[in-house]
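Q:
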Ligand code: SF4
Ligand code: SF4
């Protein structure tokens with residue numbers, strides 16, 4: 064499994080308010096959404112302990128083409144009669160400006176249609192994987208999220224409430240209605256098909272068994288996992304490149320090249336300014352103890368995401384020698400290698416720093432990867 068697939072900007076959403084809100088979500092039990100007509104539980108455990116506050120100088124998540132529902136169009140058109148829509152996979156989205164630019168409504172890092180923004184924009188950075196169940200987690204590329212809980216041994220088992228995410232959770236719950244039951248059913252059927260094929264060859268292992276096995280010794284990247292595959296080349300399409308937020312340059316894209324990665328400062332109106340070229344590491348960079356702890360914590364967090372299984376398991380060749388546990392182990396190592404490579408490139412790209420990667424460097428690497436990793440297809444879907 065190659066974890067470097069570039070992000071799908073079509074599903075990236077938008078800046079979210081930190082104000083407003085009703086009761087804090089309880090993490091004691093899955094929250095049932097749409098209780099009256101067709102209850103679907105929304106599992107919020109992976110939000111536990113995180114704090115979020117949108118950064119007014121950022122705008123990263125608005126380099127996107129958010130999906131928009133039919134009923135969301137009229138209020139938006141009242142504010143913006145010339146709004147431009149596109150369509151894809153039977154749904155509509157708001158067009159971004161061409162050549163890697165931001166959403167047509169991003170203006171000096173502010174949304175011009177804030178009160179009528181589509182639901183993915185209201186929900187971000189909460190993301191919901193629709194698979195066997197509805198599992199919420201966070202898009203950790205958002206620099207408004209404090210990553211400290213990742214360094215705890217098992218953050219998802221803590222009953223701490225998330226802070227600053229109340230409006231986003233409410234928006235996610237509103238989207239998780241009975242209409243997605245069909246997607247859940249389709250994901251279950253796909254999983255059953257894959258499970259049955261792998262059971263016949265003795266390769267299947269249930270998710271909880273895999274987790275129990277890997278939690279105790281989280282797989283970390285080794286020399287063979289380097290160098291990682293390049294990001295897409297710059298001439299392919301700016302809109303397909305992985306992005307991160309740099310506090311001095313704003314949104315920065317990473318492009319692959321001949322032996323080096325290019326860092327490009329994106330412009331909201333489209334186009335990009337080349338910043339520098341940095342060769343990716345050919346072997347695992349050294350880490351401080353804190354950097355190591357954060358990487359382990361991130362991989363633990365990823366292991367808890369259902370999306371990871373939904374991405375990795377369908378790719379297993381029935382009859383090969385690999386079990387689900389083997390492939391998940393390999394995948395976590397590959398994700399770790401990607402995080403460290405992007406952390407190293409980010410750091411050398413802006414600071415020319417030497418020495419082991421610190422907590423801050425690894426956090427930068429996580430932020431430069433998480434959206435891309437979540438954007439990969441799974442046997443389900445993503446809200
Ligand atoms: S990526 Fe996060 S911090 Fe940046 S604008 Fe979006 S919600 Fe705010
Ligand atoms: S509608 Fe507003 S919040 Fe949503 S992507 Fe566009 S500018 Fe960002």
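Numbering (my numbering), first residue to last: 64 to 446. Think of the CB as a built atom: it goes at the ideal place given N, C-alpha and C, for glycine as much as any other residue.
Only counting the same chain, and skipping five residues up and downstream in sequence, which positions put a Cβ closer than 6 Å to that of residue 426?
A: The sequence position of residue 426 within the chain shown is 363, counting from 1. Excluding residues within five positions, the ones whose Cβ falls inside 6 Å are 210.
Q: Could you tell me which residues DSSP puts in a beta bridge with residue 189?
A: The residue you call residue 189 lines up with position 126 of the chain shown. Note: residue 189 sits in a beta bridge opposite 201.
Q: Quick one: complete alpha helix (DSSP H) runs, 4+ long, within the region 384–416?
A: Unbroken alpha helix (DSSP H) runs of no fewer than 4 residues, entirely contained in the region 384–416, are found at 387–413, following chain order.
Q: Hey, would you say the C-beta of residue 117 is under 7 Å away from at least one heavy atom of ligand 1?
A: Within the chain shown, residue 117 is the residue found at index 54, counting from 1. Relative to ligand 1, the nearest heavy atom lies less than 7 Å away from the CB of residue 117.
Q: What does DSSP give as the partner residue(s) for residue 173 in the beta ladder?
A: As a position in the chain shown, residue 173 is number 110, starting the count at 1. According to the DSSP secondary-structure assignment, residue 173 is paired through a beta bridge with 170.
Q: Going by beta-carbon coordinates alone, are residue 332 and residue 160 separated by less than 8 Å?
A: Taking the chain shown and counting its residues from 1, one reaches residue 332 at position 269. Taking the chain shown and counting its residues from 1, one reaches residue 160 at position 97. Yes, the Cβ-Cβ distance between residue 332 and residue 160 is below 8 Å.
Q: With C-beta atoms as the reference, is residue 206 less than 8 Å away from residue 118?
A: The residue given as residue 206 occupies position 143 in the chain shown. The residue given as residue 118 occupies position 55 in the chain shown. Closer than 8 Å, so yes.
Q: Determine whether the Cβ of residue 253 lies closer than 8 Å to any Cβ atom of chain B.
A: Looking for chain B here will not work: only one protein chain is present.
Q: I want to check one thing, is the minimum distance from the CB of residue 180 to the heavy atoms of ligand 2 below 7 Å?
A: Start at 1 with the first residue of the chain shown, and residue 180 comes out as number 117. Checking the Cβ of residue 180 against ligand 2 gives yes.
Q: Within its chain, find whatever has a CB closer than 6 Å to the CB of residue 143; leave out the 5 residues flanking it on each side and keep chain order.
A: Stepping through the chain shown from its first residue, residue 143 is reached at position 80. The residues are 176.
Q: Comparing C-alpha positions only, which one of 276, 342, 287 sits nearest to residue 408?
A: Locating residue 408 in the chain shown gives position 345, counting from the first residue. Ranking the options by Cα distance to residue 408, first place goes to 342.
Q: Could you check what DSSP says for residue 364 in three-state terms: helix, strand or coil?
A: Taking the first residue of the chain shown as position 1, residue 364 is located at position 301. Residue state, collapsed to three classes: helix.
Q: I need the DSSP call for residue 297, collapsed to helix, strand or coil.
A: On the chain shown, position 234 is the one that residue 297 refers to. Reduced to three states, the DSSP call for residue 297 is coil.
Q: What residue range does the alpha helix (DSSP H) around residue 251 cover?
A: Residue mapping note: residue 251 aligns to position 188 of the chain shown, counting from 1. Judged by DSSP secondary structure, residue 251 falls within the alpha helix (DSSP H) whose first and last residues are 244–263.
Q: Assuming residue 186 and residue 238 are in contact, meaning their beta carbons sit under 8 Å apart, how far apart are those beta carbons, in whole angstroms?
A: In the chain shown, residue 186 corresponds to position 123, counting from 1. In the chain shown, residue 238 corresponds to position 175, counting from 1. Going by Cβ atoms, the distance from residue 186 to residue 238 rounds to 7 Å, so yes, they are a contact pair.
Q: With residue 301 and residue 314 assumed to form a contact (beta carbons below 8 Å), what rounded beta-carbon distance in angstroms separates them?
A: Taking the chain shown and counting its residues from 1, the one referred to as residue 301 is at position 238. Taking the chain shown and counting its residues from 1, the one referred to as residue 314 is at position 251. Wrong, their Cβ atoms sit about 11 Å apart, outside the cutoff.
Q: Since residue 116 and residue 227 are thought to touch, with beta carbons under 8 Å apart, how far apart are those beta carbons, to the nearest angstrom?
A: Locating residue 116 in the chain shown gives position 53, counting from the first residue. Locating residue 227 in the chain shown gives position 164, counting from the first residue. Between residue 116 and residue 227 a beta carbon distance of about 5 Å is seen, short of the 8 Å cut, so the two are scored as contacting.
Q: Across which residues does DSSP place residue 155 in a beta bridge pair?
A: If you number the chain shown from 1, residue 155 lands on position 92. Bridge partners of residue 155: 131, 150.
Q: Let's see if you can read the secondary structure: which residues bound the alpha helix (DSSP H) around residue 424?
A: By one-based count along the chain shown, residue 424 stands at place 361. Unbroken alpha helix (DSSP H) run through residue 424: 422–430.
Q: Decide if the region 342–358 is in contact with the region 130–148; the criterion is three or more beta carbon pairs, one per stretch, under 8 Å apart.
A: no
Q: DSSP puts residue 339 in a beta bridge; with which residues?
A: Here residue 339 refers to the residue found at position 276 of the chain shown. Bridge partners of residue 339: 326.
Q: Pick helix, strand or coil for residue 289, following the three-state DSSP scheme.
A: To locate residue 289, count along the chain shown from 1; it is residue 226. Residue 289: coil per DSSP, three-state reduction.
Q: Is the Cβ-Cβ distance between residue 112 and residue 212 less than 8 Å?
A: In the chain shown, the residue the question calls residue 112 occupies position 49. In the chain shown, the residue the question calls residue 212 occupies position 149. A contact, by the Cβ cut-off of 8 Å.
Q: Counting Cβ pairs closer than 8 Å, one from the region 387–401 and one from the region 275–287, do we hit at least three?
A: yes
Q: If we call anything under 8 Å between Cβ atoms a contact, is residue 319 one with residue 293?
A: Reading the chain shown from its first residue, position 256 is the one you call residue 319. Reading the chain shown from its first residue, position 230 is the one you call residue 293. Remark: C-beta atoms of residue 319 and residue 293 approach each other more closely than 8 Å.
Q: Note down the Cα distance separating residue 136 from residue 356, rounded to an integer number of angstroms.
A: Here residue 136 refers to the residue found at position 73 of the chain shown. Here residue 356 refers to the residue found at position 293 of the chain shown. Near 45 Å, if we compare the C-alpha coordinates of residue 356 and residue 136.
Q: Between residue 273 and ligand 2, is there a pair consisting of the residue's CB and a ligand heavy atom that are separated by less than 7 Å?
A: Along the chain shown, read from residue 1 onward, the residue named residue 273 stands at position 210. Residue 273: no, Cβ never under 7 Å from ligand 2.
Q: State the beta-bridge partners of residue 308 as determined by DSSP.
A: On the chain shown, residue 308 is found 245 positions in, with the first residue counted as 1. Answer is 314.
Q: Going by DSSP in three states, residue 334 sits in which element: helix, strand or coil?
A: For the purposes of this step, residue 334 is taken as the residue at position 271 of the chain shown. In this structure, residue 334 counts as coil in the three-state DSSP scheme.
Q: Whole angstroms are fine: how far does the CA of residue 376 sit from the CA of residue 387?
A: Numbered from its first residue, the chain shown carries residue 387 at position 324. Numbered from its first residue, the chain shown carries residue 376 at position 313. So the alpha carbons of these two residues sit roughly 6 Å apart.
Q: Residue 369 lies in the alpha helix (DSSP H); which residues open and close that run?
A: Counting from 1 along the chain shown, the entry for residue 369 is found at position 306. Unbroken alpha helix (DSSP H) run through residue 369: 369–375.
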